Amino acid sequence: MAHPGLPKLIATDLDGTLVRSDDTVSAYTHEVLDRVRAAGIRIVGATGRGPRLTELTRNDIRAADFLVLAQGGWVIDQNEGTLLRNARLPGRDLAVVLQDLEAEVGPLSVMVEALEHDDAPLWGDYDPTWRFPVTVEPRTRDECLTGDVIKAFARSFDRHVDDLLAAAQRIVAPHVATVTQAGQNYLEICPPEVDKGTGLAVVAQAVGVDPADVLVFGDMPNDLPMFAWAGWRRVAVSNAHPTLLAVADEVTLSNDEDGVAVYLDRLLSQ
1 MAHPGLPKLI ATDLDGTLVR SDDTVSAYTH EVLDRVRAAG IRIVGATGRG
51 PRLTELTRND IRAADFLVLA QGGWVIDQNE GTLLRNARLP GRDLAVVLQD
101 LEAEVGPLSV MVEALEHDDA PLWGDYDPTW RFPVTVEPRT RDECLTGDVI
151 KAFARSFDRH VDDLLAAAQR IVAPHVATVT QAGQNYLEIC PPEVDKGTGL
201 AVVAQAVGVD PADVLVFGDM PNDLPMFAWA GWRRVAVSNA HPTLLAVADE
251 VTLSNDEDGV AVYLDRLLSQ
């Protein structure tokens, strides 16, 4: 049982929020998360990372009871070892989305995430500016879209990613696909009704927790849906995107200053 006056579930984004700029999670952060869990509060790692990065994610948030991956499309119960959600986007629908986008914004560089196993390659156009280690298997657009995909990444070399997202939100119908951006200069195209809010709703239903009892942390526009869904408190790190800072209930220190852990440490001490 969670202590009175505390949330029953805490969900945090990873990259840019819990994970520092050098791609590490501090020993202090791990220790605080262990104390959170010992207090009876469930922990969820909510990330844009796909299932190909499951082991990396588990290492970055070892105390997590659940992982919400692929912007909410993949939900894993860590304790039971079960998959609660595995949404995919039909390749034919993705083809239409890309065609409609390129008609307005011009050519896009596209990578597709289709495989589920650890360290699986992405398919498509390799981008040397991609921040994280990744293997990209060169494939034509048609070859990438022959089957269902977990999600796709699309980049314009002429438009800022925020402008690309704004265009996509006008063009792409929500019943066809969900579009977001997570800070890597790429638009992310996911199955319809897939976002961190709907992913967390799967977790909440599984454990019987009301959104009003959920505390969330984030830094980028892809965290907006879980900020809209959670009701206990919505906390942005100080390095967060302006759109998230605008809707946050509170702002903690930056990811490089262990802002999530500092906030939770103070919360447990009250």
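For the sequence shown, the tail end lands on 270 under the working numbering, and the numbers increase by one without skipping. Even glycine gets a Cβ: it sits at the ideal position worked out from N, Cα and C. Only a predicted model underlies this, so the values are computations on that prediction, with no experimental measurement involved.
Original post:
Are L33 and R49 touching if we call contact CB-CB under 8 Å?
Top reply: Reading the sequence shown from its first residue, position 33 is the one you call residue 33. Reading the sequence shown from its first residue, position 49 is the one you call residue 49. Cβ distance not < 8 Å, so L33 and R49 don't count as in contact.
Original post:
Do V237 and L224 have their C-beta atoms closer together than 8 Å?
Top reply: Taking the first residue of the sequence shown as position 1, residue 237 is located at position 237. Taking the first residue of the sequence shown as position 1, residue 224 is located at position 224. For V237 and L224, no; Cβs fall outside 8 Å.
Subject >> Touching by the beta-carbon criterion (3+ pairs, under 8 Å), the stretch 139-148 and the stretch 169-186 >> reply: no
Original post:
Can you pull the DSSP bridge partners for I76?
Top reply: The sequence position of residue 76 within the sequence shown is 76, counting from 1. According to DSSP, which records beta bridges pairwise, I76 is partnered with L67, L83.
**OP:** Measure the C-alpha to C-alpha separation of S21 and L53 and round it to an integer number of angstroms.
**Re:** Along the sequence shown, one-based indexing puts residue 21 at 21. Along the sequence shown, one-based indexing puts residue 53 at 53. Computed Cα separation, rounded: 18 Å.
**OP:** Using 10 angstroms around the beta-carbon of Y263, count the other beta-carbons present and answer buried if the total reaches 16, otherwise exposed.
**Re:** On the sequence shown, position 263 is the one that residue 263 refers to. So Y263 counts as buried.
Subject >> Selected residue, minimal CA-CA separation from S109, among N222, R139, D119, A261 >> reply: Start at 1 with the first residue of the sequence shown, and residue 109 comes out as number 109. Residue R139 is the option with its Cα nearest to S109.
Subject >> Selected residue, minimal CA-CA separation from N222, among T17, I10, K8 >> reply: Position 222 of the sequence shown, counted from the first residue, corresponds to residue 222. Residue T17 is the option with its Cα nearest to N222.
Original post:
Quick one: what does DSSP say A240 is sitting in, helix, strand or coil?
Top reply: Taking the sequence shown and counting its residues from 1, one reaches residue 240 at position 240. Of the three classes helix, strand and coil, the one that applies to A240 here is coil, per DSSP.
**OP:** Return helix, strand or coil for R42, following the three-state DSSP convention.
**Re:** If you number the sequence shown from 1, residue 42 lands on position 42. Strand, per DSSP.
Subject >> Buried or exposed by the 16-neighbour rule on C-beta atoms within 10 Å, applied to G40 >> reply: Counted from its first residue, the sequence shown places residue 40 at position 40. Counting Cβ neighbours within 10 Å, G40 comes out exposed, since fewer than 16 surround it.
Original post:
Looking only at its own chain, which residues have a Cβ that is under 7 Å from the Cβ of L245, when we skip the five neighbours before and after it?
Top reply: Mapped onto the sequence shown, residue 245 falls at position 245. For L245, where only same-chain residues beyond five positions count, the Cβ hits under 7 Å are A236, V251.
Original post:
Around the C-beta of D118, are 16 or more other C-beta atoms found within 10 angstroms, so that it is buried, or is it exposed?
Top reply: Here residue 118 refers to the residue found at position 118 of the sequence shown. It counts as exposed.
Original post:
How many whole angstroms separate the CB atoms of W74 and R85, which I take to be in contact at a CB cut-off of 8 Å?
Top reply: Translated into positions along the sequence shown, residue 74 becomes position 74. Translated into positions along the sequence shown, residue 85 becomes position 85. Correct: roughly 6 Å between the Cβ atoms.
Original post:
Below 8 Å, can you find three or more Cβ-Cβ pairs linking the stretch 151-166 to the stretch 183-194?
Top reply: yes
**OP:** Jot down the residue ranges of each uninterrupted alpha helix (DSSP H) in the stretch 136-206, minimum 4 residues, whole runs only, in chain order.
**Re:** 141-144, 161-171
Original post:
With a CB to CB cut of under 8 Å and the five nearest residues on each side skipped, what residues in its chain are close to I10?
Top reply: The count along the sequence shown starts at 1 and reaches residue 10 at position 10. For I10, where only same-chain residues beyond five positions count, the Cβ hits under 8 Å are V36, I41, R42, I43, V44, V214, L215, V216, F217, L264.
**OP:** Look at the alpha carbon of C190 and the alpha carbon of R170, and state the distance between them as a whole number of angstroms.
**Re:** Walking along the sequence shown from the start, residue 190 turns up at place 190. Walking along the sequence shown from the start, residue 170 turns up at place 170. Each residue's alpha carbon lies about 16 Å from the other.
**OP:** Could you say which of Y28, E116, A201, D93 lies nearest to D256 if we only look at CA atoms?
**Re:** Sequence index remark: in the sequence shown, residue 256 carries index 256 (1-based). The candidate whose alpha carbon is nearest that of D256 is Y28.
Original post:
If you drop the 5 nearest sequence neighbours on each side, which residues of the same chain put their C-beta closer than 6 Å to that of G199?
Top reply: What you label residue 199 is simply residue 199 of the sequence shown in a count that begins at 1. Around G199: V68, G72, V75.
Original post:
Can you tell me whether DSSP reads L6 as helix, strand or coil?
Top reply: As a working mapping, residue 6 is identified with position 6 in the sequence shown. Residue state, collapsed to three classes: coil.
**OP:** Using alpha carbons as the reference points, say which of A228, W232, M220 lies closest to A240.
**Re:** Against the sequence shown, residue 240 aligns to sequence position 240. The residue with the shortest Cα to Cα distance from A240 is M220.
Subject >> Short Cβ contact (8 Å threshold) for A212 with R234 >> reply: Here residue 212 is taken as the residue at index 212 of the sequence shown, counted from 1. Here residue 234 is taken as the residue at index 234 of the sequence shown, counted from 1. No, the Cβ-Cβ distance between A212 and R234 is not below 8 Å.
Subject >> Close Cβ partners of L94 (< 8 Å) along its chain, the five nearest in sequence each way excluded >> reply: By one-based count along the sequence shown, residue 94 stands at place 94. V112, L145, V149, A152, A177, I189.
Original post:
Of the choices G231, P242, E104, R88, whose alpha-carbon is the least far from that of A167?
Top reply: For the purposes of this step, residue 167 is taken as the residue at position 167 of the sequence shown. When only C-alpha atoms are compared, the closest one is E104.
Subject >> Secondary structure of T12, DSSP reduced to three states >> reply: To locate residue 12, count along the sequence shown from 1; it is residue 12. Strand, per DSSP.
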